[in-house]
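What follows is one structure encoded as structure tokens, with my remarks underneath.
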Amino acid sequence: MHQKFFLSPVKLNWYEANYYCSLANLKLVSFNTPTIEAELKGFLSFYGLSDKYYWTAGNRFTTQKNWVWGLNGYNFNINHWAATEPRNATDSNNCLAAVLKRELWYTYDCNTEMDFVCQK
């Protein structure tokens, strides 16, 4: 099944990006399967945009240990954490950004402004 992606026209923090997607009846991208991540990487690579950091739905708002997708709390089935990630559970980096060119995930402070991808 092919996913539909919407690339952000502006940089927003995680909370604003999540809200922006919801206004369009979309959600921040979740990599529930390797196929979704691969499709997004192909989409971004086609336009030469795969080397940027993008907000995803990944977060650890409910616990400082378990990372989940979105506000519904679906656990990660896969992960592509960078070597130094995920960072210590006591820091404020509670949101997940991905660099698809490298297929790596990074933790960031949710108030950091960056590009984001919504999915249908």
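Here the numbering used here is used: position 69 in the sequence shown is 69, and no number is missing along the way. The C-beta atom is built at its ideal place from N, Cα and C for all residues, glycine as well.
Query                                                                                                    : Result
Nearest-angstrom Cβ-Cβ length linking Cys110 and Cys95, presumed shorter than 8 angstroms                : 4 angstroms
Exposed unless 16 or more other CB atoms sit within 10 angstroms - verdict on Glu37                      : buried
Buried versus exposed call for Tyr54 [16 or more other C-beta atoms within 10 Å across all chains shown] : buried
Minimum C-alpha distance to Ala98 - residue among Leu49, Ala24, Asn66 and Thr63                          : Leu49
Proximity below 8 angstroms, CB of Leu12 to CB of Lys120                                                 : no
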